[in-house]
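Following: one structure in structure tokens, then a few remarks.
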Amino acid sequence: MNQSAFASFRNQSIEGFGVSGYGNVSANHRNMNKRMMEFLKKSWIPKIGEVKMEREKVHKHMIKERIRREKQKQSYLDLHKLLPMGTKGEKNAIVQTAASRIQELQKYKESLKKRNDELQMILAESKKEEFEKAKIKVKINYPIYGIDSMLEVLKCLKNCGTKANAIQSSFSQQEFSSILEIETKIGAAEVEKAVQNTLFETERNFRAHQLPMTWLTSATE
Numbered sequence: 001m002n003q004s005a006f007a008s009f010r011n012q013s014i015e016g017f018g019v020s021g022y023g024n025v026s027a028n029h030r031n032m033n034k035r036m037m038e039f040l041k042k043s044w045i046p047k048i049g050e051v052k053m054e055r056e057k058v059h060k061h062m063i064k065e066r067i068r069r070e071k072q073k074q075s076y077l078d079l080h081k082l083l084p085m086g087t088k089g090e091k092n093a094i095v096q097t098a099a100s101r102i103q104e105l106q107k108y109k110e111s112l113k114k115r116n117d118e119l120q121m122i123l124a125e126s127k128k129e130e131f132e133k134a135k136i137k138v139k140i141n142y143p144i145y146g147i148d149s150m151l152e153v154l155k156c157l158k159n160c161g162t163k164a165n166a167i168q169s170s171f172s173q174q175e176f177s178s179i180l181e182i183e184t185k186i187g188a189a190e191v192e193k194a195v196q197n198t199l200f201e202t203e204r205n206f207r208a209h210q211l212p213m214t215w216l217t218s219a220t221e
């Protein structure tokens, strides 16, 4: 009988298996587990730190968001206090009412500015017309005291609210005359009349006081 080239399966032992082969597989398995655990430990530690940092980041974000909402809420409350009574406390109502109120105030501001400009123009015109520049002339015949008469004229101008810019006077025994450049709030004719009456009144008083003195002097002689 010819011998087969194939060996019988039963008669040959499988290399690597059996008792000795099983021991090698167990050792390799343990080594693999050990390496896997070391790998997981090395990779797990950074992941724990990353998770912790992420949690802290989320926590800080939540705190910032809470603070932002509190500030926003307080801003709405403060704005609500400035709005008319009866305004609803809802955010939309507050914003709409505030926007409407701002438009009203803007129109009121423009109206006030326009009115202020008008008043400024009126005031400027009134200042221009406040003082009237004019020349007046007063005189009196046979004056007694020219200097005293001039002092009374200045008092009269002051009482009339009139400013004298220049005075040119002439005094003699026959006549006292004066030309005055004035700025006045009232009519120049009225000022001239008042000054002239003052001169007449002053001279009359002086003459009234002088006559008794003249009579006493004559009687003594």
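Under full-length UniProt numbering, the first residue of the sequence shown carries the number 1, and numbering increases by one thereafter. All C-beta atoms, glycine included, are put in the ideal place defined by N, C-alpha and C. Here the structure is a predicted model, which is why all the values come from computation and not from measurement.
Under the DSSP definition of a beta bridge, residue 169 partners with 178. The alpha helix (DSSP H) runs of length 4 or more contained entirely in the stretch 74-139 are, from start to end of the chain, 91-130.
Contact check for residue 124 against residue 184 fails: the beta carbons are separated by 8 Å or more. Closest option to residue 167, judged by alpha-carbon separation, among 150, 109, 70 and 59: 150. The three-state secondary structure of residue 163, taken from DSSP, is strand.
Contact between residue 137 and residue 177 holds: CB atoms are separated by about 7 Å, below the 8 Å threshold.
By alpha-carbon distance to residue 84, the top candidate from 186, 200, 75 and 98 is 98. Separation of residue 116 and residue 144 (C-alpha to C-alpha, rounded to the nearest whole angstrom) is 56 Å. Using a 10 angstroms sphere on the CB of residue 180, the tally of other CB atoms reaches 16 or more, which defines it as buried. For a cut-off of 8 Å, the C-beta gap from residue 182 to residue 199 is around 15 Å, too long to register as a contact.
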